[in-house]
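Here is the structure we will look at, set down as structure tokens.
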Amino acid sequence: MASVKYTEEHEWVRIEGDVGTIGITAYAQEQLGDVVFVEVPAVGRKVAKGESVAVVESVKAASDIYAPVAGEVVEANAALADTPGDVNTEPMGKGWFFKLKLANPGELDGLMDEKAYEAFVKGLH
Amino acid sequence: MSQTPAGPLKRTPLYELHRELGARLVPFAGYEMPVQYPTGILAEHTHTRTACGLFDVSHMGQVRLTAKPGQSAAAALETLVPGDIAGLQPGQQRYTQFTNDAGGILDDLMVTSTGDHLLLVINADCKDADLAHIQAHLSDRCEIEPMFSRGLIALQGPQAAEVLARFAPAVATMKFMTGAFVIIDGARCYVTRSGYTGGDGYEISTPAEAAEAIARKLLAAPEVKPIGLGARDSLRLEAGLCLYGHDIDTGTTPTEAGLLWSIGKQRRIDGGFPGASTIQEQIAAGAPRKRVGLLPEGKAIARDGAEIVLAGAVVGKVTSGGFAPTLGRAIAMGYVERARSAAGTKVELMVRGKPVPAEIVPMPFVKHAYYRG
């Protein structure tokens, strides 16, 4: 069964087996505003935990997306090139950014579960 | 460039209305201003291009200059700006700049003659410095009245005329860059047919206490939606208009910035404004660099600060860049060495360390739609 973990940078990672799908949360897309461009990483790229992997551009500004855990990029969401607005309308669905084959699944333990993330967001207000 | 002192943020007369409309408020030039409303910047931008948008620009500074006996306010102001102010007929408006002794731009501003005085609209971030500058140089010739608490509402878009004429029929036939006193909702306002979107529209100067009621009446019209600073920026960028502090500042001259059109023909010859010799030299020999439009290929956005590269050498810098909703693509403007600034020149913009191919293009990116009668 898939489980979802969250970072303090407002990314989510959905884990299925040894692959994590990564995107940004509803809170993050709301803060960014209308997304007009997403730069996704190349398949095969090996990334370290915390490394800047993708860029999301809203009308206002560019924001880095960090790898929540280490791994190798196995797929990127090419559809976002034509429909970047998916990040706003379905941040946890069609608006995903890339998939990582996890290098060290133990790193997931350091991330927040949904309840902890909700409390974290509440604490920001 | 920010001269905003630290401290509590100021609020415009429309602050409560912004809250009620669900605006996201951000600090801007010392004010708490709406960057967007719940519909978002893209929708607000498109609405302004196709219908009518209402912007709170009350944070900008309004100043009245009245000549002292035996003096001319226009002649006095001309000692600080290169624009032809003496030639303004009553009800005419002009765009100009405060220049420094090096020909750099201290601020850009709109000047309207009402016949018996001049009305200035200056940038929010510069208004205290501008006021001090005016007071230091013009006090012996003019009464200088800052009106920083007045409301200023911009009503912009192809349906702006139809909407505002319901409240003040006289505005329908006003031409671009003219102004008039009109009564709106019982309040005496000064309206100019001008704006910062490249489209048709008005800026309405209201008494502070009347601003909210007027804004509510205008927003009640079915064509009108509130628009935040986010869309204000994307609209002006599409129109190729300069943003002070980004595209123009004390390090750029009006000639470099492509604002020669705003310098009166006789004033180019006569001078008599700060930095005149530098600007005259640049008019004669060409400015060392020029402000240009840039059209990047693909979708990456080159923003303020991105280097402009030609054949491996840096030839300039982007000063504004963003997504143009009307065109569905990225656009930018920046400064390039004059010898390399011809339209059609292929360059590269450095975005996050990677070169993005781009072409130098004429501006505006979206055709202006001013009402010239």
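Protein chains in written order, with the numbering used here: chain A, 6 to 130; chain B, -5 to 367. Just so you know, even glycine gets a beta-carbon here, dropped at the ideal spot from N, CA and C.
Review point. Closest by CA to Ala305 (chain B), which one among B:Arg283, B:Glu342, B:Asp50?
Key: Within the second sequence, residue 305 (chain B) is the residue found at index 311, counting from 1. Nearest of B:Arg283, B:Glu342, B:Asp50 to Ala305 (chain B), Cα basis: B:Glu342.
Practice item. Assign Lys127 (chain A) to one of two classes, buried (16 or more other C-beta atoms within 10 Å of its C-beta) or exposed (fewer than that). Key: On the first sequence, residue 127 (chain A) is found 122 positions in, with the first residue counted as 1. Under this definition Lys127 (chain A) is an exposed residue.
Check your understanding: Around the Cβ of Val92 (chain A), are there at least 16 other Cβ atoms within 10 angstroms (buried) or fewer (exposed)?
Key -> Sequence index remark: in the first sequence, residue 92 (chain A) carries index 87 (1-based). It counts as buried.
Review point. Alpha carbon to alpha carbon, how far is Tyr9 (chain B) from Met27 (chain B)?
Key: To locate residue 9 (chain B), count along the second sequence from 1; it is residue 15. To locate residue 27 (chain B), count along the second sequence from 1; it is residue 33. Their backbone Cα atoms lie some 8 Å apart in a straight line.
**Study point:** Straight-line gap, Gln91 (chain B) to Ala318 (chain B) (C-alpha atoms, nearest Å)
**Key:** Within the second sequence, the letter at position 97 stands for residue 91 (chain B). Within the second sequence, the letter at position 324 stands for residue 318 (chain B). Taking the straight line joining both Cα atoms gives about 27 Å.
Review point. So, using beta-carbon positions, are Thr93 (chain B) and Phe359 (chain B) closer together than 7 Å?
Key: Translated into the one-based positions of the second sequence, residue 93 (chain B) becomes position 99. Translated into the one-based positions of the second sequence, residue 359 (chain B) becomes position 365. Thr93 (chain B) is not a Cβ neighbour of Phe359 (chain B), given a cutoff of 7 Å.
Review point. So Arg144 (chain B) and Thr200 (chain B) are in contact, right, with Cβ under 8 Å, and what is the actual spacing, rounded?
Key: Taking the first residue of the second sequence as position 1, residue 144 (chain B) is located at position 150. Taking the first residue of the second sequence as position 1, residue 200 (chain B) is located at position 206. Indeed, because the Cβ distance is near 6 Å, the residues count as touching under 8 Å.
Point to revise | Contained alpha helix (DSSP H) runs [length at least 4] in the stretch 31 to 116 of chain B, N- to C-terminal order | key: Taking only runs of at least 4 residues, the alpha helix (DSSP H) segments lying wholly in the stretch 31 to 116 of chain B are 35 to 44, 67 to 71.
Review point. So, helix, strand or coil for Trp101 (chain A), using DSSP?
Key: Position 96 of the first sequence, counted from the first residue, corresponds to residue 101 (chain A). In this structure, DSSP gives Trp101 (chain A) a state outside helix and strand, which the three-state scheme calls coil.
Check your understanding: So what's Leu429 (chain B) in DSSP terms, helix, strand or just coil?
Key -> The question about residue 429 (chain B) has no answer here: the residues shown for chain B are numbered -5 through 367.
Check your understanding: Mind checking if Gly81 (chain B) is an interface residue toward chain A, Cβ cutoff 7 Å exclusive?
Key -> The sequence position of residue 81 (chain B) within the second sequence is 87, counting from 1. Taking Cβ atoms only, chain A never reaches closer than 7 Å to Gly81 (chain B), which makes this a no.
Check your understanding: Looking only at its own chain, which residues have a Cβ that is under 7 Å from the Cβ of Leu289 (chain B), when we skip the five neighbours before and after it?
Key -> Working through the second sequence from its first residue, we reach residue 289 (chain B) at position 295. If we look at Leu289 (chain B) and ignore the five residues flanking it on each side, its Cβ neighbours are Ile325, Ala352, Glu353, Val355.
Exercise for review: Please report the residue range of the beta strand (DSSP E) in which Arg283 (chain B) lies.
Suggested key: For the purposes of this step, residue 283 (chain B) is taken as the residue at position 289 of the second sequence. Here the beta strand (DSSP E) through Arg283 (chain B) covers 283 to 290.
Exercise for review: Work out the CA separation of Val41 (chain A) and Tyr71 (chain A) for me, nearest whole Å.
Suggested key: Position 66 of the first sequence holds residue 71 (chain A). Position 36 of the first sequence holds residue 41 (chain A). Distance between the alpha carbons of Tyr71 (chain A) and Val41 (chain A): 19 Å.
Check your understanding: Tell me which same chain residues have a C-beta within less than 6 Å of the C-beta of Arg50 (chain A), skipping the five on either side of it?
Key -> Translated into positions along the first sequence, residue 50 (chain A) becomes position 45. Same-chain partners within the cutoff: Val78.
Practice item. Please name the residue in B:Asp124, B:Gly47, B:Lys4 whose C-alpha comes closest to that of Pro216 (chain B). Key: In the second sequence, the residue the question calls residue 216 (chain B) occupies position 222. Closest option to Pro216 (chain B), judged by alpha-carbon separation, among B:Asp124, B:Gly47, B:Lys4: B:Gly47.
Exercise for review: State yes or no: is the beta carbon of Phe142 (chain B) nearer than 7 Å to at least one beta carbon in chain A?
Suggested key: On the second sequence, position 148 is the one that residue 142 (chain B) refers to. Chain A, which has no Cβ nearer than 7 Å to the Cβ of Phe142 (chain B), makes this no.
Check your understanding: Any beta-carbon of chain B closer than 7 Å to the one on Ala38 (chain A)?
Key -> On the first sequence, position 33 is the one that residue 38 (chain A) refers to. According to the sequence shown, residue 38 (chain A) is Gly rather than Ala. Chain B places a beta carbon closer than 7 Å to that of Gly38 (chain A), counting this residue as a contact.
**Study point:** Residues bridged to Gly328 (chain B) [DSSP beta-bridge criterion]
**Key:** Taking the second sequence and counting its residues from 1, one reaches residue 328 (chain B) at position 334. Gly328 (chain B) is bridged by DSSP to B:Val286, B:Val312.
Exercise for review: Have a look at Ala6 (chain B) and Ile79 (chain B) and give me their C-alpha separation to the nearest angstrom.
Suggested key: Here residue 6 (chain B) refers to the residue found at position 12 when the second sequence is read from its first residue. Here residue 79 (chain B) refers to the residue found at position 85 when the second sequence is read from its first residue. In the sequence under discussion, the amino acid at residue 6 (chain B) is Thr, which differs from the Ala named in the question. C-alpha separation (whole angstroms): 30 Å.
Practice item. Say whether the stretch 67 to 74 of chain B touches the stretch 238 to 246 of chain B, bearing in mind that this needs 3 or more beta-carbon pairs closer than 8 Å, one atom from each stretch. Key: Too few Cβ pairs lie closer than 8 Å, so no.
Check your understanding: Residue range of the beta strand (DSSP E) that Ile242 (chain B) falls in?
Key -> By one-based count along the second sequence, residue 242 (chain B) stands at place 248. DSSP places Ile242 (chain B) in no beta strand (DSSP E); its state is neither H nor E.
Exercise for review: Measuring alpha carbon to alpha carbon, tell me which of A:Ala33, A:Val24, A:Gly28, A:Asn109 ends up nearest Leu129 (chain A).
Suggested key: Indexing the first sequence from 1 puts residue 129 (chain A) at position 124. Cα-wise, what sits closest to Leu129 (chain A) is A:Ala33.
Practice item. Compare the Cα-Cα distances from Leu103 (chain B) to each of B:Arg135, B:Gly151, B:Met54 and report the closest residue. Key: As a working mapping, residue 103 (chain B) is identified with position 109 in the second sequence. Relative to Leu103 (chain B), the option among B:Arg135, B:Gly151, B:Met54 whose CA is nearest is B:Met54.
Check your understanding: What in chain A is Cβ-close to Ala296 (chain B), meaning under 7 Å?
Key -> Counting from 1 along the second sequence, the entry for residue 296 (chain B) is found at position 302. Ordered by position in chain A, no residue passes the 7 Å Cβ test against Ala296 (chain B), which lies about 10 Å from the chain.
Exercise for review: Return the bridge partner residues of Cys136 (chain B) from the DSSP annotation.
Suggested key: As a working note, residue 136 (chain B) is residue 142 in the second sequence. Note: Cys136 (chain B) is bridge-paired with B:Ala61 in the DSSP secondary-structure output.
Exercise for review: Return the bridge partner residues of Ser268 (chain B) from the DSSP annotation.
Suggested key: For the purposes of this step, residue 268 (chain B) is taken as residue 274 along the second sequence, with counting starting at 1. Reading the sequence as shown, one finds Pro at residue 268 (chain B) and not Ser. For Pro268 (chain B), no pairing in a beta bridge is given by DSSP.
**Study point:** the stretch 56 to 76 of chain A in contact with the stretch 9 to 19 of chain A per 3-pair CB rule at 8 Å
**Key:** Judged by pairs of C-beta atoms under 8 Å, the stretch 56 to 76 of chain A touches the stretch 9 to 19 of chain A, as three or more such pairs exist.
Exercise for review: Measuring only between beta-carbons, confirm whether Ser(-4) (chain B) sits less than 7 Å from chain A.
Suggested key: Here residue -4 (chain B) is taken as the residue at index 2 of the second sequence, counted from 1. Note on Ser(-4) (chain B): pLDDT 43, under 50, position unreliable in the model; the coordinate value appears next. Taking Cβ atoms only, chain A never reaches closer than 7 Å to Ser(-4) (chain B), which makes this a no.
Check your understanding: DSSP three-state call for Leu158 (chain B): helix, strand or coil?
Key -> Numbered from its first residue, the second sequence carries residue 158 (chain B) at position 164. Three-state DSSP puts Leu158 (chain B) in a helix.
Review point. Using the beta-carbon count (16 or more within 10 Å), is Trp101 (chain A) buried or exposed?
Key: One-based indexing of the first sequence puts residue 101 (chain A) at position 96. By the neighbour-count rule (16 or more Cβ atoms within 10 Å), Trp101 (chain A) is buried.
Exercise for review: Determine the chain A residues that contact Leu36 (chain B) at a beta-carbon separation under 7 Å, and present them in chain order.
Suggested key: Taking the second sequence and counting its residues from 1, the one referred to as residue 36 (chain B) is at position 42. Chain A residues near Leu36 (chain B): Asp39, Val64.
Review point. Assuming Ala96 (chain B) contacts Gly269 (chain B) under a Cβ cut-off of 8 Å, what Cβ separation, rounded to an integer in Å, is found between them?
Key: Mapped onto the second sequence, residue 96 (chain B) falls at position 102. Mapped onto the second sequence, residue 269 (chain B) falls at position 275. That pair is a contact at about 6 Å.
Practice item. Verify the CB distance criterion: does Gly16 (chain B) have a CB-CB separation below 7 Å to chain A? Key: On the second sequence, position 22 is the one that residue 16 (chain B) refers to. Interface criterion not met: the Cβ of Gly16 (chain B) is under 7 Å from no Cβ in chain A.
**Study point:** Residues of the stretch 321 to 349 of chain B with Cβ closer than 7 Å to any Cβ of chain A, in chain order
**Key:** Within the stretch 321 to 349 of chain B, Arg346 place their CB atoms closer than 7 Å to a CB of chain A, listed in sequence order.
Review point. Which two residues bound the contiguous alpha helix (DSSP H) that contains Arg19 (chain A)?
Key: Position 14 of the first sequence, counting from 1, holds the residue named residue 19 (chain A). Here Arg19 (chain A) belongs to no alpha helix (DSSP H); instead the beta strand (DSSP E) covers 16 to 21.
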